[in-house]
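Chemist:
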Amino acid sequence: ICEHGRVRHGCKECRGNSECEHGQPRRECAECGAPWQLDDFDRGPGGRGRCEHGKQQRICKICGGRDICEHNRVRYSCRECGGGMFCEHGRQRYICKECGGGGICEHNKTRQKCRECSVARREEAAKAREALALAREHKAAEARRL
8 ICEHGRVRHG
18 CKECRGNSEC
28 EHGQPRRECA
38 ECGAPWQLDD
48 FDRGPGGRGR
58 CEHGKQQRIC
68 KICGGRDICE
78 HNRVRYSCRE
88 CGGGMFCEHG
98 RQRYICKECG
108 GGGICEHNKT
118 RQKCRECSVA
128 RREEAAKARE
138 ALALAREHKA
148 AEARRL
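Using our numbering, the letters of the sequence shown map in sequence onto residues 8 to 153.
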């Protein structure tokens, strides 16, 4: 968590490593190519799975990719098609309290918006940094003894 209260690698203000020099999320940038994040099904002409519009071929609405439904949405996220993103209560599965979605914390709030959890995460991260620093110091001291 950075000083702006975001995950550091995704914070635009900190210039996290998830954003490329083109100002796009690195894994979605057509100019960078990002071939490391594509699975075998995405690899199209040129081995990068990109269409002429710079999108992943399977989710390009203009090209009519195989994952686009009749409602012109990505099939997984289309309510009308019964996309897997939604639970039986009609909510996003991840944040449905009744289904016990992974996005609901122990305080029965959306994990990203829970202040109690974010404070605990910051404290946990600080402890982890301290432990890592101590381990490095210990390793350096061992190396000096030898």
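Positions of the beta carbon are idealized from the N, C-alpha and C atoms, including for glycine.
Once you ignore the five residues that flank Ile66 on each side, which residues in its own chain have a CB closer than 6 Å to its CB?
Modeler: Here the question's residue 66 lines up with position 59 in the sequence shown. The residues are Gly72, Asp74 and Val81.
Chemist: Could you have a look at Gln63 and say whether DSSP puts it in helix, strand or coil?
Modeler: Position 56 of the sequence shown holds residue 63. Reduced to three states, the DSSP call for Gln63 is strand.
Chemist: Helix, strand or coil: how does DSSP classify Gln44 here?
Modeler: In the sequence shown, residue 44 corresponds to position 37, counting from 1. Confidence at Gln44 is low in this model, with a pLDDT of 47, below 50, so its placement is unreliable and the value that follows should be read with caution. Helix at Gln44.
Chemist: In whole angstroms, what separates the C-alpha of Glu10 from that of Glu77?
Modeler: By 1-based counting over the sequence shown, the position of residue 10 is 3. By 1-based counting over the sequence shown, the position of residue 77 is 70. Whole-angstrom Cα-Cα distance: 43 Å.
Chemist: Comparing alpha-carbon positions, which option in Glu113, Tyr83 and His114 lies nearest Arg100?
Modeler: By one-based count along the sequence shown, residue 100 stands at place 93. In terms of CA proximity to Arg100, Tyr83 leads the group Glu113, Tyr83 and His114.
Chemist: How big is the Cα-Cα spacing for Arg118 and Ile69?
Modeler: Here residue 118 corresponds to residue number 111 of the sequence shown, with the count starting at 1. Here residue 69 corresponds to residue number 62 of the sequence shown, with the count starting at 1. Cα-Cα distance, rounded: 35 Å.
Chemist: Which residue or residues does DSSP assign as beta-bridge partners of Gln119?
Modeler: Against the sequence shown, residue 119 aligns to sequence position 112. BP columns for Gln119 are empty, so no partner.
Chemist: Relative to the alpha-carbon of Ile8, which residue among Glu137, Ser125, Gly107 and Ala150 has its alpha-carbon at the smallest distance?
Modeler: Looking up residue 8 in the sequence shown gives position 1. Per the Cα distances, Ser125.
Chemist: Tell me the rounded alpha-carbon separation between Glu149 and Ala127.
Modeler: For the purposes of this step, residue 149 is identified with residue 142 of the sequence shown, where counting begins at 1. For the purposes of this step, residue 127 is identified with residue 120 of the sequence shown, where counting begins at 1. Approximately 33 Å, taken between the alpha carbons.
Chemist: Rounded to whole angstroms, what's the CA-CA distance from Glu131 to Asn115? Just pull it up for me.
Modeler: To locate residue 131, count along the sequence shown from 1; it is residue 124. To locate residue 115, count along the sequence shown from 1; it is residue 108. Approximately 20 Å, taken between the alpha carbons.
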